[in-house]
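Worksheet for the structure shown next.
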Amino acid sequence: NPNMKKPMILLMAFCWLATSAFAQKTKQDLIKVIDARYDTYSTTAKKIWDLAEVGFQETKSSALLQAMLQEAGFTVQNNVAGMPTAFTATYGSGKPVIGVLGEFDALPGVAQEAVPELKPIPGQVAGHACGHHLFGVASAAASIAIKDWLIANKKSGTIRFYGTPAEEGGSGKVYMVREGLFNDVDIVVNWHPGNANSAGYGSSLANKTGKFRFYGTASHAAASPERGRSALDAVEAMDVMVNMMREHVPQETRIHYVITKGGEAPNVVPAFAEVYYYVRNPRRDNVKSIWDRIERAARGAAMGTDTRVEIEITGGVHELLGNETLARAVDANLRIVGGYTMTDQEKAFATKLQESFKDQAQPLENTQIIMPLRTYDGSASTDVGDVSWTVPTVGLGAATWVPGTAAHSWQAVAAGGTTIGFKGMMIAAKAMALTCFDLYTNPVLVEDAKKEFMKKRGENFKYEALIGDRKPALDYRK
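Here the sequence shown is numbered in our numbering, starting from 10 and rising by one per residue.
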C-alpha cells in the first residue's frame with residue numbers, strides 16, 4: 010500500500026535509531042568499550058611501570074597520560090598549581106562536573122622485576138609498590154569511555170581528569186585543592202590498587218611530613234673534637250626525645266622517621282645531618298599539635314648540641330571524609346562489573362609469590378568476588394583526604410595484586426607488572442565509568458551525596474591546608 014510505505018520507512022528508521030541509542034545508553038556498552046581497549050591501556054600501564062618515576066619527577070609518566078587524553082579529545086592544561094607534572098584534562102560543558110583522580114608516582118627503594126621471587130632491577134631506584142601506574146591509566150580509561158558516551162548520547166555535563174603527582178609524601182592534590190581547581194566540581198571519583206575488589210566509606214589517617222636539617226661545625230673527631238659541634242648528635246638527640254614522646258600521644262598516632270644524612274666519615278664531626286619525619290593520626294588537629302611538639306624537640310636538640318636547625322614541611326593531608334551515598338552506588342556498579350578469574354599461568358605466579366608471605370596469604374579466588382560494602386578507619390594516609398573535604402568524594406579498591414599482598418612491598422611491584430595487575434585495573438576503570446553513568450543520569454544521587462557531605466563536614470568548616478602556604482616541595486625526593 011503506497012499510503013503505508015512512508016510510515017513504514019519512518020518506523021524502521023525510528024526503530025534503528027532507538028536501537029542504536031539504547032545500545033549507547035547501557036552500562037554493558039560502557040563495559041564493552043573499555044574491554045575493547047585492553048591492549049592500549051595495559052601497554053600504557055606497563056610503560057609507566059617501567060619508568061617508575063618518583064614524586065614530582067614523573068615527567069614521562071605524566072606525558073603518556075596527557076597524550077592519551079589529548080588524543081581522545083580532551084583539553085589538557087599542564088603545569089597546574091605550580092607542579093610541572095600535574096595537569097587537568099577536560100571534556101564537555103555544563104553540569105554536573107565529575108572529577109576523576111589519577112596518580113602515577115612510584116616509591117623509592119622497591120625496584121623489582123615482574124617475577125614471583127625477590128629480584129631487584131639493577132640500577133633502578135624506585136618501583137610501583139602502590140600501583141599508581143595502574144591508578145592513572147584506569148582513571149583515564151574511565152574518563153575516555155564517559156566522554157564517548159556523552160558524545161554518543163548528546164548529554165550535557167563535564168568530565169575532568171586530574172593528573173595528580175607525588176601522592177607518596179608530596180601531597181600533590183593538596184596544592185590543587187588550595188589553588189581552587191576543584192571548586193566547580195560536583196562529585197569526585199577515584200580508586201586504588203589492592204588485593205581485593207571492594208567499595209566502602211570511612212576515614213584515613215591525617216598526616217604531616219617534613220625534614221629537619223641540623224648544621225654544626227666539622228672538626229677532627231680525635232685530634233680536636235672540642236672544636237666540633239655534631240649535627241648528627243642533634244639528630245640523635247631529637248630522635249630520642251621524640252621516641253620518649255610516644256608514651257604521651259594518643260594511641261592511634263604513628264610517628265616514623267629515617268635519617269637521610271648522617272655524616273661522611275666517623276673521624277669527621279658531622280657538620281650537617283638530616284632526619285625525615287612523618288606524623289599520622291585519625292584527626293588532623295591531633296597531627297598539628299603533635300607536630301608542634303616534634304618541632305620543639307628539634308629546637309631543643311639544636312640548643313642542647315649547640316647546632317642550628319632548619320625545618321621544611323614537605324607534606325600534609327587531611328583524613329578522608331567518607332560518603333555512604335556514593336559508596337553504595339560504587340558497590341552496586343562493582344557487582345555489575347564483577348571480578349576476574351586467574352589463568353593457570355597467573356595462578357602459578359600467584360602461588361609462588363604467596364610463598365613469600367605464607368601467614369598472610371588469602372584465597373586466590375578472592376579476585377573473582379566483590380567483597381561486602383565496608384566501613385573502615387584506614388591505617389594509611391592519602392592526599393585524596395583534602396579533596397574529600399572540598400567536594401563529595403568516593404573511592405574503590407580493585408584486586409591488582411595477589412590476594413594477601415601488602416602495599417609498598419616488592420610483591421606489589423611484581424604483580425603490578427603482570428596481567429594480574431592489568432585485569433584489576435580494568436575492573437576499576439569499568440566500575441568508575443558505570444558510577445559516572447549514574448551521576449550523569451540520576452540527579453537525585455548527586456544531590457543526596459551533597460546533602461550527606463554538607464551534614465558531615467559541618468556548616469562552619471573552613472579548609473586550611475596542613476602544608477600552609479608553602480610552594481610544592483618539588484625536590485623532596487632528591
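Built from N, CA and C at the ideal position, the CB exists for glycine as well.
Quiz item: Helix, strand or coil: how does DSSP classify Y485 here?
Solution: Within the sequence shown, numbered from 1, the residue matching residue 485 stands at position 476. DSSP places Y485 in coil when its eight states are reduced to three.
Quiz item: Out of L39, W158, V194, which has the shortest C-alpha to C-alpha gap to P105?
Solution: Translated into the one-based positions of the sequence shown, residue 105 becomes position 96. Measuring from the Cα of P105, the nearest candidate turns out to be V194.
Quiz item: Looking at the structure shown, is H137 part of a helix, part of a strand, or coil, going by DSSP?
Solution: Here residue 137 refers to the residue found at position 128 of the sequence shown. Coil.
Quiz item: Which residues mark the beginning and the end of the alpha helix (DSSP H) in which L241 is found?
Solution: Mapped onto the sequence shown, residue 241 falls at position 232. Bounds of the alpha helix (DSSP H) holding L241 are 240-254.
Quiz item: So, does the CB of F281 fall closer than 8 Å to a CB anywhere in chain D?
Solution: Judged by its chain identifiers, the structure shown contains no chain D, having just a single protein chain.
Quiz item: Straight-line CA distance for A138 to E256?
Solution: The residue labelled residue 138 in the question sits at position 129 within the sequence shown. The residue labelled residue 256 in the question sits at position 247 within the sequence shown. For A138 and E256, the distance between alpha carbons rounds to 31 Å.
Quiz prompt | Rounded C-alpha distance that separates A147 from L78 | solution = Counting from one through the sequence shown, the residue named residue 147 turns up at place 138. Counting from one through the sequence shown, the residue named residue 78 turns up at place 69. If you take the alpha carbons of A147 and L78, they lie about 12 Å apart.
Quiz item: Can you find at least 3 beta carbon pairs, one from the segment 171-188 and one from the segment 429-438, that sit closer than 8 Å?
Solution: no
Self-check item: Residues bridged to E283 (per DSSP)
Solution: As a working mapping, residue 283 is identified with position 274 in the sequence shown. R222, K270, per the DSSP bridge assignment.
Quiz item: Who are the Cβ neighbours of L241 in its own chain at under 6 Å, not counting the five residues just before and after it?
Solution: For the purposes of this step, residue 241 is taken as the residue at position 232 of the sequence shown. Around L241: G271, G272, P279, A282.
Self-check item: Integer Cβ distance of T391 from S213, believed to fall under 8 Å
Solution: Mapped onto the sequence shown, residue 391 falls at position 382. Mapped onto the sequence shown, residue 213 falls at position 204. So it is a contact: roughly 6 Å between Cβ atoms.
Quiz item: How many angstroms separate the CA atom of A32 from the CA atom of S165?
Solution: If you number the sequence shown from 1, residue 32 lands on position 23. If you number the sequence shown from 1, residue 165 lands on position 156. In this prediction, A32 has a pLDDT of 42, which is less than 50 and means its spatial position is unreliable; nothing more can be read from the coordinates.
Self-check item: Whole-angstrom C-beta distance between F65 and L483, which should lie under 8 Å
Solution: Your numbering for residue 483 matches position 474 in the sequence shown. Your numbering for residue 65 matches position 56 in the sequence shown. L483 to F65, Cβ: 5 Å. Contact.
Quiz item: Should the segment 194-213 be regarded as contacting the segment 405-413, the criterion being three or more beta carbon pairs within less than 8 Å?
Solution: yes
Practice problem: May I ask you to verify whether the segment 308-316 touches the segment 327-339, counting CB pairs closer than 8 Å and requiring at least 3? | Solution: no
Exercise. Please name the residue or residues paired with E112 in a DSSP beta bridge.
Key: Translated into positions along the sequence shown, residue 112 becomes position 103. Paired residue(s): T173.
Exercise. May I have a chain-ordered list of the alpha helix (DSSP H) segments no shorter than 4 residues that lie completely inside the segment 428-486?
Key: 428-450, 452-466
Quiz item: Around the C-beta of V385, are 16 or more other C-beta atoms found within 10 angstroms, so that it is buried, or is it exposed?
Solution: As a first step, residue 385 must be located in the sequence shown, where it is residue number 376. One point to set straight first is that residue 385 is Tyr, not Val, in the sequence displayed. Y385 counts as exposed, since fewer than 16 other C-beta atoms from the protein chains shown sit within 10 angstroms of its C-beta.
Quiz item: Using DSSP with H/G/I as helix, E/B as strand and the rest coil, what is C24?
Solution: For the purposes of this step, residue 24 is taken as residue 15 along the sequence shown, with counting starting at 1. Since pLDDT at C24 reaches only 41, below the 50 mark, its modelled position is unreliable, and no value is offered.
Self-check item: Closest by C-alpha distance to G155, when choosing among M253, G179, T99
Solution: Residue 155 sits at position 146 when you count from the first residue of the sequence shown. Note that residue 155 corresponds to Ile in the displayed sequence, not to Gly. Selected option, being the one with the closest Cα: T99.
Exercise. Look at the Cβ atom of L73, then the Cβ atom of K56, and state whether they are nearer than 8 Å.
Key: Stepping through the sequence shown from its first residue, residue 73 is reached at position 64. Stepping through the sequence shown from its first residue, residue 56 is reached at position 47. Yes, these two residues count as a Cβ contact at 8 Å.
Quiz item: For the segment 332-396, which segments carrying the beta strand (DSSP E) assignment without a break, of at least 3 residues, lie completely within its bounds, in sequence order?
Solution: 383-386
Quiz prompt | When E67, L448, G101, P117 are compared against G111, the one with the closest alpha-carbon | solution = Along the sequence shown, one-based indexing puts residue 111 at 102. Selected option, being the one with the closest Cα: E67.
Quiz prompt | Cα-Cα separation between T94 and A230, rounded to whole angstroms | solution = For the purposes of this step, residue 94 is identified with residue 85 of the sequence shown, where counting begins at 1. For the purposes of this step, residue 230 is identified with residue 221 of the sequence shown, where counting begins at 1. Near 44 Å, if we compare the C-alpha coordinates of A230 and T94.
Quiz item: In chain order, what residues of the same chain have a beta carbon less than 6 Å from the beta carbon of D315, not counting five sequence neighbours either side?
Solution: Along the sequence shown, one-based indexing puts residue 315 at 306. So the list reads R238, once near-sequence residues are dropped.
Quiz prompt | N162 burial status per 10 Å Cβ neighbour count (16 or more: buried) | solution = Counting from 1 along the sequence shown, the entry for residue 162 is found at position 153. Result: exposed.
Quiz prompt | Spatial distance of Y472 from W398 (CA atoms) | solution = The residue you call residue 472 lines up with position 463 of the sequence shown. The residue you call residue 398 lines up with position 389 of the sequence shown. In a straight line, the C-alpha of Y472 is about 8 Å away from that of W398.
Exercise. Have a look at the DSSP bridge pairing and note the partners of Q75.
Key: Numbered from 1 along the sequence shown, position 66 holds the residue referred to as residue 75. Its beta-bridge partners do not exist; DSSP assigns none.
Quiz item: In the structure shown, what three-state DSSP assignment does L143 receive?
Solution: Along the sequence shown, read from residue 1 onward, the residue named residue 143 stands at position 134. Helix at L143.
Self-check item: For E319: DSSP bridge partner residues
Solution: Counting from 1 along the sequence shown, the entry for residue 319 is found at position 310. DSSP output for E319 lists R222 as bridge partner(s).
Quiz item: L330 by DSSP, collapsed to three states: which one?
Solution: Here residue 330 corresponds to residue number 321 of the sequence shown, with the count starting at 1. DSSP places L330 in coil when its eight states are reduced to three.
Self-check item: alpha helix (DSSP H) segments (min. 4 residues) lying fully within the segment 178-216
Solution: 181-187
Quiz prompt | Rounded straight-line distance, which links the Cα of S365 to that of A30 | solution = The residue labelled residue 30 in the question sits at position 21 within the sequence shown. The residue labelled residue 365 in the question sits at position 356 within the sequence shown. In this prediction, A30 has a pLDDT of 38, which is less than 50 and means its spatial position is unreliable; what the coordinates show is noted afterwards. Straight-line Cα distance between these residues: approximately 51 Å.
Quiz prompt | Coil, strand or helix - N162 by DSSP | solution = Translated into the one-based positions of the sequence shown, residue 162 becomes position 153. Residue state, collapsed to three classes: coil.
Self-check item: 7 Å Cβ shell around K480 - same chain, five flanking residues per side excluded
Solution: Taking the sequence shown and counting its residues from 1, the one referred to as residue 480 is at position 471. Within the same chain, K480 has close Cβ partners G91.
Self-check item: Residues that V85 bridges to, as DSSP identifies them
Solution: In the sequence shown, the residue the question calls residue 85 occupies position 76. Bridge partners of V85: A98.
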